[in-house]
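Trainee: Below is the structure I would like to discuss, written out as structure tokens.
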Amino acid sequence: MAGEGRRASLTSSLAELDLYSRFLSSQVVQEDAAPSTQTHFTPGSGTATPTISSLDVRGLWHGQVVTRGRREPSNRLSECQKCRLWQRELEIVLATRRKQEKLWQQELHKYQVAVLEAEARKGELERAQQELFRLASGYDHDSHTTPRTRLTFTQLLRFMEDQVRGDLKQTSQVWVEVALLRAHLAKLKSRLEQGHEGPDADPDTQPTSQVNFLKKQLEHEDVKTRVDHNSRTLTHLLRQLEKERRRANRLAEENQAKTTMVGELKDQEALLQEEVRRLSQSSTRIDAHVRLHDLRTDKRLAAVRATQDPVMTVEEYLCLNADVHKLQKEVASWRNKADALH
């Protein structure tokens with residue numbers, strides 16, 4: 022939208038210059054068609070016209086005719102020569118405008134390329150974040166049979182630090198571009214103020230021609246359009262810088278959280294290693310105790326096998342056990358009777 026408004030204002034100014042150049046050309050044609058009579062001007066009858074030998078080329082750049090030395094009315098320029106001088110000045114102004122427009126187009130292309138690079142960088146960061154989440158979770162939607170290896174916390178921490186370092190580098194580059202744009206904007210403002218306070222500001226001390234007025238109007242419109250465009254670009258860059266700053270802060274917070282989680286997991290790992298060591302010692306003691314009982318049992322079995330006594334069968338053992346229970350009941354009953362007698 023800014024480029025279209027700028028092109029429209031430039032087109033209108035060029036149309037005015039074209040009309041004025043056609044007017045000057047018509048004046049030249051009328052003078053050539055008129056009878057060649059030498060016109061004599063009296064001193065003090067108008068603005069002093071400079072001679073050809075006393076023209077200052079630097080005056081043509083500022084839209085004025087400056088003379089060196091005296092300002093005598095002798096050897097005045099004809100209207101045809103003055104029109105040719107003004108046409109030459111118009112050509113210089115138009116060439117300058119075209120050159121500046123080419124420079125603006127180059128700067129606009131540079132800004133567009135920078136925006137495209139920033140968008141591509143943003144897409145790369147999003148893809149890297151998605152890949153990081155997929156690697157951290159150990160899942161890969163492309164491989165259904167073999168799961169991907171999980172990342173260690175050290176690799177994850179190193180990756181996050183690299184991401185934060187890259188974001189900080191990009192943020193510093195954006196800050197440099199913003200500083201350059203601000204310096205350029207301040208330079209344009211100073212040029213605009215100097216243009217308003219120049220020698221053409223006071224019409225009583227320095228007469229201003231129509232071409233100079235059109236040139237100043239073109240410069241004013243061009244500077245105003247560029248200031249507006251740079252302001253919008255600066256606002257966009259500041260907004261993008263704020264987004265990148267928030268993203269960097271979020272990544273720093275995530276990195277801090279991951280670091281805290283890594284520390285907690287390391288503490289848990291130390292506790293688990295201590296528990297494993299304690300359980301291994303307990304298992305060693307239990308194994309030694311079991312081996313000792315095995316040795317004792319083996320010795321008892323060997324001693325039983327070595328004796329010549331007959332081995333009691335299960336039926337005999339059950340009968341003896343039943344007799345023991347009966348005797349215990351009788352003892353308990355007689356004990357109760359004795360207690361009752363006493």
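Numbering-wise (our numbering), the sequence shown opens with residue 22 and increments by one.
Think of the CB as a built atom: it goes at the ideal place given N, C-alpha and C, for glycine as much as any other residue.
Tell me whether residue 312 counts as near the ligand PLP, meaning its Cβ is closer than 7 Å to at least one heavy atom of that ligand.
Mentor: The ligand PLP is not part of this structure, which contains no ligands at all.
Trainee: Can at least three beta-carbon pairs, one atom from the region 279-290 and one from the region 202-210, be found at a separation below 8 Å?
Mentor: Touching, no, given that fewer than three Cβ pairs across the two stretches are closer than 8 Å.
Trainee: Under 8 Å: do the region 237-250 and the region 136-145 share three or more Cβ pairs, one atom per stretch?
Mentor: Too few Cβ pairs lie closer than 8 Å, so no.
Trainee: Hey, could you find the ends of the alpha helix (DSSP H) residue 99 is sitting in?
Mentor: As a working note, residue 99 is residue 78 in the sequence shown. Here residue 99 belongs to no alpha helix (DSSP H), and DSSP marks it neither H nor E.
Trainee: How close, in whole Å, do the beta carbons of residue 183 and residue 265 come, if the pair is a contact with beta carbons under 8 Å?
Mentor: Reading the sequence shown from its first residue, position 162 is the one you call residue 183. Reading the sequence shown from its first residue, position 244 is the one you call residue 265. Their Cβ separation, rounded to whole angstroms, is 16 Å, which puts residue 183 and residue 265 out of contact at 8 Å.
Trainee: Confirm, please, whether the CB-CB distance from residue 256 to residue 132 is below 8 Å.
Mentor: The residue labelled residue 132 in the question sits at position 111 within the sequence shown. The residue labelled residue 256 in the question sits at position 235 within the sequence shown. Contact: no.
Trainee: Assign residue 246 to one of two classes, buried (16 or more other C-beta atoms within 10 Å of its C-beta) or exposed (fewer than that).
Mentor: Against the sequence shown, residue 246 aligns to sequence position 225. So residue 246 ends up on the buried side.
Trainee: What did DSSP end up calling residue 333 once you bin it into helix, strand or coil?
Mentor: Within the sequence shown, residue 333 is the residue found at index 312, counting from 1. Residue 333: coil per DSSP, three-state reduction.
Trainee: Answer with yes or no whether the minimum CB distance from residue 341 to chain D is below 8 Å.
Mentor: Considering every chain present, this structure includes no chain D. It has just one protein chain.
Trainee: DSSP three-state label for residue 305, please.
Mentor: The count along the sequence shown starts at 1 and reaches residue 305 at position 284. In the structure shown, residue 305 sits in a helix (DSSP, three-state: H, G or I).
Trainee: Determine the contact status of residue 269 and residue 185, defining contact as a CB-CB distance below 8 Å.
Mentor: Counted from its first residue, the sequence shown places residue 269 at position 248. Counted from its first residue, the sequence shown places residue 185 at position 164. The answer is yes: Cβ separation under 8 Å.
Trainee: In the structure shown, what three-state DSSP assignment does residue 64 receive?
Mentor: Along the sequence shown, one-based indexing puts residue 64 at 43. In this prediction, residue 64 has a pLDDT of 41, which is less than 50 and means its spatial position is unreliable; what the coordinates show is noted afterwards. Coil at residue 64, not helix or strand.
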